[in-house]
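Just so we're aligned, residue 110 is where the sequence shown starts under this note's numbering, counting upward by one.
The C-beta atom is built at its ideal place from N, Cα and C for all residues, glycine as well.
Reviewing the structure listed below.
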Amino acid sequence: MKKTTKFALGAIALIAVSAGVAGVTSYAILQSKDTKNASFYDEFKTATPARFAALDASKMQPVDLTQAAESSLNSVVHIMAVQHSKTKMIQTQPDIFDFFFGDGRGRQQQVQTPEQRGFGSGVIISKDGYIVTNNHVIDDADEISVKLHDGREMKGRVIGTDASTDLALVKIEGDDFPAIPVGDSDALKVGEWVLAVGNPFNLGSTVTAGVVSAKARSLRANDVESFIQTDAAINKGNSGGALVNARGELVGINAMLYSPTGTYSGYGFAIPTSIMTKVVTDLKQYGTVQRALLGIAGRDMGREEYPEEMRKEQKELGIGYGVQVIEVQDEGSAAGILKENDVIIGVDGEKVETMAALQGILAKKRPGDKVKVKVFRDKKDQEFTITLKNAQGNTKVVKKADMEILGAAFREVPAELKRQLNLGYGVQVTGVSDGRMADSGIRKGFIILKANGEQLRTVDDLEEVMKAASQSPDQVLFMTGVYPSGKRANYAVDLAQN
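Written as structure tokens, this is what we have:
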């Protein structure tokens, strides 16, 4: 699918509100379960929704937030993500001596990276210790430490992550943890009071209050987003913390702040629980998100920052809101049904005004779900029933691929072998057993130089490319490389799982 045009947000910075670490590896643990789709409440031992705040929206009475704050504080944890010190090889920039006396590519230098620590927040969503946080809080962490509000510290284990929505699921061992009741973010009203609960600046549990100032916001920060915007103060360290309504129910996971200075200056953004519940249920049940795609490229209608020619084109369509279809993907869900310049204005009875709103609706769906899509075509409303598909163009369950599926062992190419073969990088196969690499004909000793066009310098590089390939439509890993004998070879490794 062609990428749609993106427009700059101006000089204001968009900041992920955690002090995160990078450059290390976290592992998702697959669950051996029936592939039958389960609901969030089937998968997690959730707390009973609370009803103790004095809120009467119909009468517009003052709101008592004290009990909601007291209850939610116990469910919000402090997360420390640690990246261990590592020895790694870096390629130096070539200098004049490299050009005259070397190969002109620079030299490799061994460096020791320092230990790094990042901090954020998390929310206990089940009594048996499942915690939701942001992906950027624990991304690539070697070690995760969770500190509860009562002072207990425990080791956390990553169950699954989803970079597209910036969500992650972590588990601590034990039972009878203070789980927060999970509310319905779709029921939130603009102007409704909410609390932001987290650990900003590593100060410990902190509560701030504000109102919902907008819904279904797009920040162009994640692949899938439909943020709740609030003026409750959110700062660095609040990432992964709770956005709570006046009844003490979780309605969002704090993720971003919008600021010219790097600290709070008016607006924060949270991932709604309508998206969160579906994502973490998939992570627990399948190890990866079952993402339903409409199979279109689109853009918002009526944006003032669009070029004049584009605004003129949209004006001729005869409607001022919705999502303009600019491309329909071959073999996608909408192929043969939607057309270029259709304007999507509703899905399953929900009004669609922006791409963020459309993403928010689709993020709650799974491949195989049927949706009623309302479009404005030829100056009139039309409705179509569409069966949603995944990125592979079918409705099958997508399983998370890990390195075990390859059936091989790897290492970085030793410096001496690089010198012998005049190589600047590569990952070597040190053993092959039953698996996809053996099926492809790859033998022990093969040095992988590129996988799907990406240069490989470390085993982690191979793992990242493989994970991306397993979620792609083709689900194939194309490898190019060389054997120690000097023989060049190319292989295609099938990653599809039945």
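Got a sec, what are the start and stop residues for the alpha helix (DSSP H) residue i sits in?
| i | result |
| --- | --- |
| Asn244 | Asn244 to Ile247 |
| Tyr150 | Phe149 to Glu152 |
| Gly469 | Met464 to Leu471 |
| Asp391 | Thr382 to Tyr395 |
| Gln423 | Glu417 to Lys424 |
| Pro339 | Correcting the residue type first, residue 339 is Thr in the shown sequence and not Pro. Taken as a continuous stretch (DSSP letters only), Thr339 belongs to no alpha helix (DSSP H), being part of the beta strand (DSSP E) at Phe336 to Thr339. |
| Asp548 | Arg545 to Asp548 |
| Leu571 | Val568 to Ser579 |
Going by alpha carbons, who is nearest to residue i out of the options?
| i | options | result |
| --- | --- | --- |
| Leu304 | Asn363, Lys256 and Lys280 | Asn363 |
| Asn354 | Lys498, Leu297, Leu471 and Ala605 | Leu297 |
| Met464 | Thr390, Tyr376 and Ile454 | Ile454 |
| Val291 | Thr155, Asp457 and Ala560 | Thr155 |
| Arg261 | Gly349, His187, Phe378 and Tyr239 | His187 |
| Gly300 | Gln338, Glu492, Asp569 and Val320 | Val320 |
| Ala318 | Ile514, Gly357, Leu328 and Asp284 | Gly357 |
| Leu328 | Arg528, Ile233, Lys236 and Ala379 | Ala379 |
| Ala443 | Lys498, Met385, Ile253 and Leu515 | Lys498 |
| Asp275 | Arg520, Val246 and Asp511 | Val246 |
| Arg597 | Glu573, Asn308, Pro582 and Ile556 | Ile556 |
| Asp151 | Glu414, Lys387 and Arg545 | Lys387 |
| Met385 | Leu366, Leu359, Thr370 and Ser368 | Leu359 |
| Val574 | Glu252, Met512 and Asp237 | Met512 |
| Ser549 | Leu530, Tyr600, Gly562 and Lys527 | Tyr600 |
| Pro582 | Glu282, Tyr415, Lys474 and Ala401 | Ala401 |
| Ile551 | Asp284, Leu515 and Arg266 | Leu515 |
| Ile281 | Glu422, Asp248, Trp302 and Ser235 | Ser235 |
| Val306 | Arg528, Lys421 and Gly349 | Gly349 |
| Tyr373 | Ala250, Thr504 and Ala342 | Ala342 |
With a CB to CB cut of under 6 Å and the five nearest residues on each side skipped, what residues in its chain are close to residue i?
| i | result |
| --- | --- |
| Arg412 | none |
| Ile138 | Low confidence applies here, because Ile138 scores a pLDDT of 31, under 50, leaving its location unreliable and the question unanswered by this model. |
| Asn183 | His258 and Pro287 |
| Gly554 | Tyr592 and Pro593 |
| Asp451 | Val434, Val484 and Arg486 |
| Ala466 | Ala325 |
| Ala518 | Thr539 and Gly540 |
| Phe228 | Ala128, Met189, Asn311 and Gly346 |
| Ala472 | Val333 and Ile384 |
Cα separation between residue i and residue j?
| i | j | result |
| --- | --- | --- |
| Ser61 | Ala577 | The chain is shown from 110 up to 607; residue 61 falls before or after that span and cannot be answered. |
| Asn244 | Leu392 | 12 Å |
| Gly477 | Gly404 | 14 Å |
| Tyr395 | Tyr239 | 15 Å |
| Val185 | Ile495 | 39 Å |
| Ala524 | Asn331 | 38 Å |
| Asn344 | Val522 | 43 Å |
| Ala178 | Gly231 | 16 Å |
| Ala560 | Leu586 | 6 Å |
| Gln399 | Asp569 | 24 Å |
| Ser579 | Val602 | 11 Å |
| Lys195 | Gln221 | 6 Å |
| Asp237 | Lys264 | 14 Å |
| Pro309 | Met365 | 12 Å |
| Asp271 | Ser314 | 26 Å |
| Gln192 | Tyr367 | 27 Å |
| Asn146 | Glu422 | 42 Å |
Suppose the cutoff is 8 Å on Cβ atoms and the five residues either side in sequence are ignored; what does the same chain contact list for residue i look like?
| i | result |
| --- | --- |
| Leu558 | Leu532, Tyr534, Gly535, Gln564, Leu565, Thr589, Gly590 and Val591 |
Grab the span of the beta strand (DSSP E) containing residue i for me, first residue to last.
| i | result |
| --- | --- |
| Val609 | The displayed coordinates of the chain run from 110 to 607. Any statement about residue 609 would go beyond what the structure contains. |
| Glu492 | Lys489 to Thr496 |
| Glu440 | Element bounds for Glu440: n/a, residue is neither H nor E. |
| Arg528 | Arg528 -> not in any beta strand (DSSP E); alpha helix (DSSP H) instead, spanning Ala524 to Leu530. |
| Arg266 | Glu262 to Asp271 |
| Gln192 | Val185 to Gln192 |
If I measure Cβ to Cβ from residue i and keep anything under 7 Å in the same chain, skipping five residues before and after, which residues do I get?
| i | result |
| --- | --- |
| Met110 | With a pLDDT of 41 at Met110, under the threshold of 50, the predicted position of this residue should be treated as unreliable, though the coordinate-derived value follows. Result list for Met110: Ala406, Glu436 and Gln438, in chain order. |
| Glu459 | Ile470 |
| Thr175 | none |
| Ala605 | Gln584 |
| Gly429 | Met410 and Gly411 |
| Asp340 | Gly319, Val320, Ser322, Gly375 and Tyr376 |
| Gly431 | Met410, Val452, Ile453, Ile454, Val461, Glu462 and Phe485 |
| Val480 | Val456, Asp457, Lys474, Ile495 and Leu497 |
Just to check my reading of the structure: residue i and residue j have Cβ atoms closer than 8 Å, yes? What is that Cβ distance to the nearest angstrom?
| i | j | result |
| --- | --- | --- |
| Ser181 | Ala351 | 6 Å |
| Glu440 | Gly502 | 5 Å |
| Val609 | Gln468 | There is simply no residue 609 to check, as the chain begins at 110 and stops at 607 in what is shown. |
| Thr506 | Phe493 | Before going further, note that residue 506 is Val rather than Thr in the sequence given. That pair is no contact at about 25 Å. |
| Ile233 | Ile289 | 6 Å |
| Thr382 | Ser294 | 4 Å |
| Val255 | Leu278 | That pair is no contact at about 13 Å. |
| Thr370 | Lys508 | The pair is not a contact, with the Cβ atoms about 44 Å apart (cut-off 8 Å). |
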